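Enquirer:
Number of protein chains: 2
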Amino acid sequence: MKLQNLLPFTNWLFRYERKNLGGDITAGLIVTVMLIPQSLAYAMLAGLPPEYGLYASIVPLFVYGLLGSSRVLSVGPVAVISLMTATALAPFAEPFSEQYIKLALLLAIMTGVIQLVLGAFRAGFVANLLSHPVVAGFITGSSILIVISQLKHIFGVQAAAGHLPYEAVISLAQALPGTNWVTLAMGASAIALLVLMRSPLRKLLKRVGLSEGAAQLVSRIGPALLVLAGMGAIFFFGLDARFGVKVVGEFPTGLPGLTLPSLDLPVIGALVPAALAIVLAGYVESVSVGRSLGAKRRQTIEPNQELLALGAANVASGFTGGFPVTGGFSRSVVNYDAGANTGLASLITAALIAAIALFLAPMFASLPQVVLAATVIVAVAGLVNFKELLRLWRYSKADGALMGVTILAVLGLGVEIGIGVGVGASLLAYIARSSRPHIAVVGRLAGSEHFRNVKRHAVETFPGLLLVRIDESLFFANTRNIVDRLTRQVAEQPELRHIVLIFSAVNSVDASALEALESLAHTLRGLGITLHLAEVKGPVMDRFDKVGFTQHLAPGRVFLSTQRAVQALRGSPPISTRAA
Amino acid sequence: MKLQNLLPFTNWLFRYERKNLGGDITAGLIVTVMLIPQSLAYAMLAGLPPEYGLYASIVPLFVYGLLGSSRVLSVGPVAVISLMTATALAPFAEPFSEQYIKLALLLAIMTGVIQLVLGAFRAGFVANLLSHPVVAGFITGSSILIVISQLKHIFGVQAAAGHLPYEAVISLAQALPGTNWVTLAMGASAIALLVLMRSPLRKLLKRVGLSEGAAQLVSRIGPALLVLAGMGAIFFFGLDARFGVKVVGEFPTGLPGLTLPSLDLPVIGALVPAALAIVLAGYVESVSVGRSLGAKRRQTIEPNQELLALGAANVASGFTGGFPVTGGFSRSVVNYDAGANTGLASLITAALIAAIALFLAPMFASLPQVVLAATVIVAVAGLVNFKELLRLWRYSKADGALMGVTILAVLGLGVEIGIGVGVGASLLAYIARSSRPHIAVVGRLAGSEHFRNVKRHAVETFPGLLLVRIDESLFFANTRNIVDRLTRQVAEQPELRHIVLIFSAVNSVDASALEALESLAHTLRGLGITLHLAEVKGPVMDRFDKVGFTQHLAPGRVFLSTQRAVQALRGSPPISTRAA
């Protein structure tokens, strides 16, 4: 049973049902057609020769297809991870150089190893670190950066990527006077056609009588047709030689061999933050799309198994000429819609891409870069979403600010630092919120053994005795606040002799809170005040006993009930009665 | 009133009470005697010429004395911040070089600016980021590193600091064959004498008839006497010229002028993480000692004002030849014990150090470095605390592991990364814990309108209707888990038609949770299941209305009570009754 969870393919491969085959083959074919231009474009976005995009779309797909807990996720190169790869490697080597390629392999392996370790420790919850505003801000910000990175291809100019995003913009602006007008015309037409092919064309085809399925199919293979048209234009009109339109150029035919990454220890150390950011971004993209598609068919996905499967896919990618991969959003949706039923769809795609790398690679030599850039731009531009920023702001200023900060950090400092800033800001906001726990000074309802908040009920209080109910578990981020509030009470009430903390709602006390309680007891003792506890739960008391906390509390005591504490500690009959 | 809080000296300076004067003068004097060797030693630990230690002990003390909300905190150079300064600056310049000094000034100003900004935004809660195990691990780890950094002076050898701690150890080991035996003999005796002077001497003096106060005084000025003895030995026996014992050497007499920091933008960017780590470490040391001393006199300290005061002190330090400072633990305790009543004690210390810089600086030329190193070692060695590691482990494996990880990270990767690892690990542990919120499937107590956990009570449930009570506020780190658990329930119960989430304990719903609820409603709708809410609190409902959440929920409804939801949704009379 457990092995079955670790090797999900055992659930479908050995008892493959014939009825699934049609959907799997269709989906495998359609995703292949979509993946060809994407894989080439994303490789070049990552700063790698185009064939590496194909390599990253063979073995990783195969590995994920077998090990993934989602049956419809389409793993492979995706835009944002490719951009992050480029940003991470830029300081260490020249894009497209041999050293750069080795570092890309290394980064894929590092990413994979981190994912495997997280998966082994069942740390799938790390995805929770990314709140919705941070993910939304990250997607909008990085999509804008990806569009910017492609504009040089649209204008047909040379421009540097730069260390920080604004440098790329400056470099592009400086290069604009050298615009290649033929390239720009091709780029503009390609973008226009791609936009038309998305939704208007589908509607038109349906109006002229095509079925929904056929119309969708045409709209999906549109980008591939455009790629073919672009190659034709270069081939027949010689646009590259005559007008200087940049083409992908020839690249080696064949399958990737076993590749070995660079093993430079200081560089590995320096790449750790980038690898962590890629792990986080890739995992979140993968799991969120896997979840939403899985839920539609009542299939659950297992976050920790996903980490293991993505980790294995990335390690495999690093050893077979690939770069970091993850489950892509748009491709997975297409895979699902086209009818993928099992991981076989991914295996089919992998086999087809391998066949293309083996036999059709020479075709792509005349593929114009501007067409690839147009494909990328149209794919990511739809992800820019400022409406969400407005909606979040309306819902809650804090969440809106979080998305805004993440967008600005991504645009100003790059994707990797941007995601770090976003995560840091949301954690800070969360800690800030949870560092003010609810506590209540309580008194006794006259004639009963019930104790209630003095602010809300008419209750009796006792001179020299302060009863405080703690309404949350105590841990490092909230205990300091409680101690501060108690200290203030003490400073205001010089007649105080006993403080009783009522622990009825305290389920756990971590070591920081324990330490704070000990030092509070010590401080109060110096002021002639004794600290007591009441209604401490069993598991909490067990821990206290392990470190002899009651001795630190002495002469303070632990009372079974608040009532008993009052009976033991009240010096005189109640003198005051308050009401709200 | 508010201005008084921002300028705390207005509370004591203009209405200074004569009775406070004696204590303030005594404390000012004793702290000065203690500060002289410390300031010289910490400057050299930070990689700066000794006079910078004096400079950092003049204006910053003055500024904090006026602005600090603690009346007894002694601000100035401290060991761990000096070590962090050295680690931060090592990659950018040669220690003791002019460029290095400019960077130290810059780092002080950056630290100060960050503190001022945090203070202005009232972000004193950031101290909560450091849990007790992380602080304890940080102190033990960094104290070991400080001892290691001083060993070269004890052996009288040259050794490099290294980028990572292990490099310093290797460098020291390689240099040991060149040990200067005279230096080592002086170092060993100095350490032995200092250890004796701490507690054994005090006990002895009391036994021979001295009063507690007098015995304590002797024990406190012991290190200063040792410094005098060391200078005497050099001066009279010429140990430096004859045996190569290293001395501090001559340094300029006089007060610091207005100094200007280096303003190299990329370097500023690269120093940000170090500055943040120094802010965190310095603030925590300062506030924790300030709090514990303040509480003894029923004086509270104001965390945000402390950030402002420390920030101003650091900015002042950067412009008057200093380096990053904070409130030191041991000096503050001495200040308190010696009777400091107001900030005047700090002003006196500052004035005395200024006088020494002006008139006595030449004296220190013959101060042996080995004696300073012995002072530092004895001061910090007492902070190494492995017993606490055991105690924490006994109390809770998680907290013990946290301290262990922090020690290892500090020793393996240095103080700055170490503190980051510790903070990151405790946040992760916290998020992991709070990402599994308590939810309960509930049913109705027969014949009543009360709903209780089906696992604990004999209650009626309703076919096709799932009632789930959410027991915590919803936010980004815990909602995913709830959605996953609900999705699993749905996969197991194909007959399900309605799910009602009971929000009676939900005080807030952040944007991430809102998004998760929307997509849950959407997913369930696709499966023919309708999601409803019940008992939503007023403030939560207000927010929902702002973004039209009820439309996303439709046809799902929001019910005032669970009872009404059941009445509206139950298709048929209850058929099953469960009990635990």
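Chains D and H, in that order, give the protein sequences.
Residue 580, in my numbering, is where the first sequence stops; the numbers in between run on with no holes.
Residue 1580, in my numbering, is where the second sequence stops; the numbers in between run on with no holes.
Built from N, CA and C at the ideal position, the CB exists for glycine as well.
Since the structure is predicted, the reported quantities are computational estimates derived from the model, not experimental observations.
(1) Residues in its own chain within less than 7 Å of N341 (chain D) by CB, not counting five upstream and five downstream?
(2) Name, going along the chain, the residues of the region 48–61 of chain D whose beta-carbon falls closer than 7 Å to a beta-carbon of chain H.
(3) Would E1495 (chain H) count as contacting chain D if we go by Cβ distances under 8 Å?
(4) Would Q305 (chain D) and P8 (chain D) qualify as a contact pair, given that the criterion is a beta-carbon distance under 8 Å?
(5) When burial is assigned at 16 or more other CB atoms within 10 Å of the CB, is P1555 (chain H) buried or exposed?
(6) Less than 6 Å between C-beta atoms, sequence neighbours within five positions excluded: which residues of the same chain meet that for Y1064 (chain H)?
(7) Less than 8 Å between the beta carbons of N11 (chain D) and E302 (chain D), yes or no?
(8) Rounded to whole angstroms, what is the Cα-Cα separation between A568 (chain D) and V1371 (chain H)?
(9) The alpha helix (DSSP H) with N1314 (chain H) in it runs from where to where?
(10) Can you give the beta carbon distance from F1062 (chain H) to L1347 (chain H), rounded, assuming they're within the 8 Å contact cut?
(11) Report yes or no: is there a C-beta of chain D within less than 8 Å of the C-beta of K1546 (chain H)?
(12) Look up S1572 (chain H) in the DSSP assignment and say whether it is helix, strand or coil.
(13) For a contact meaning CB atoms closer than 9 Å, what does F1125 (chain H) contact in chain D?
(14) What are the start and end residues of each continuous alpha helix (DSSP H) run of 4 or more residues lying completely inside the region 1031–1100 of chain H, in chain order?
(15) Give me the chain D residues within the contact set of R1469 (chain H), using Cβ-Cβ distance strictly less than 7 Å, ordered along the chain.
(16) Within the 8 Å Cβ cut-off, does N1341 (chain H) reach chain D?
(17) Output needed in chain order: residues of the region 131–148 of chain D with a Cβ under 7 Å from some Cβ in chain H.
(18) Closer than 8 Å, CB to CB, is D1510 (chain H) near chain D or not?
(19) Is the CB of L383 (chain D) under 8 Å away from at least one CB in chain H?
(20) Step through the CB atoms of chain D and report whether any lies within less than 8 Å of the CB of S1330 (chain H).
(21) So P77 (chain D) packs on A43 (chain D), CB below 8 Å; how close in whole Å?
(22) In chain D, which residues lie with their C-beta within 7 Å of the C-beta of E1416 (chain H)?
(23) Starting from N453 (chain D), trace the beta strand (DSSP E) both ways and give me its first and last residue.
(24) Measure the C-alpha to C-alpha separation of F1475 (chain H) and G1548 (chain H) and round it to an integer number of angstroms.
(25) Less than 8 Å between CB atoms is the rule here; does L129 (chain D) satisfy it with respect to chain H?
(26) To which residues of the same chain is K2 (chain D) closer than 8 Å at the C-beta, ignoring the five residues directly before and after it?
(27) For the region 1136–1196 of chain H, which segments carrying the beta strand (DSSP E) assignment without a break, of at least 3 residues, lie completely within its bounds, in sequence order?
(28) Pop quiz: V415 (chain D) and L67 (chain D) are said to be a contact at Cβ under 8 Å. What is the actual Cβ separation, rounded to whole angstroms?
(29) Would you mind stating whether E1285 (chain H) and F1323 (chain H) have Cβ atoms separated by less than 8 Å?
(30) Determine the direct distance from the alpha carbon of F1544 (chain H) to that of L392 (chain D), and round the result to whole angstroms.
(31) Can you list the residues of chain D that S1292 (chain H) reaches, using a CB-CB cut of under 8 Å?
(32) Return the chain-ordered list of same chain residues with a C-beta closer than 6 Å to the C-beta of M1403 (chain H), the five sequence neighbours on each side being excluded.
(33) Using Cβ-Cβ distances below 7 Å, what residues of the region 300–323 of chain D are close to chain H?
(34) Output the residue ranges of the alpha helix (DSSP H) runs that lie fully inside the region 197–284 of chain D and measure 4 residues or longer, sorted by chain position.
(35) What are the residues of the region 393–410 of chain D that lie near chain H, defined by any Cβ-Cβ distance shorter than 9 Å?
(36) DSSP state of G400 (chain D), grouped into three classes?
Expert: Inspection of the coordinates gives the following:
(1) N20, G23, D24, R71
(2) none
(3) no
(4) yes
(5) exposed
(6) V1075, A1309, A1313
(7) no
(8) 57 Å
(9) 1303–1319
(10) 6 Å
(11) yes
(12) Caution applies to S1572 (chain H), whose pLDDT of 45 falls short of 50 and renders its modelled position unreliable; the value that the coordinates give is listed next. S1572 (chain H) falls in the coil class under three-state DSSP.
(13) L428, I431, A432, S435, R436, A477, R480, N481
(14) 1051–1055, 1059–1067, 1079–1089
(15) Per Cβ cutoff of 7 Å: no residues; R1469 (chain H) is ~17 Å from chain D at best.
(16) no
(17) S131, H132, P133
(18) yes
(19) no
(20) no
(21) 7 Å
(22) Within 7 Å Cβ-Cβ: nothing; E1416 (chain H) doesn't reach chain D, min ~14 Å.
(23) 451–453
(24) 19 Å
(25) yes
(26) none
(27) none
(28) Rounded, the Cβ-Cβ distance is 27 Å, inconsistent with contact.
(29) no
(30) 11 Å
(31) S519, T523
(32) P1133, A1136, G1137, L1389, L1392
(33) T300
(34) 200–207, 212–237, 239–243
(35) R394, Y395, S396, A398, D399, G400, L402, M403
(36) helix
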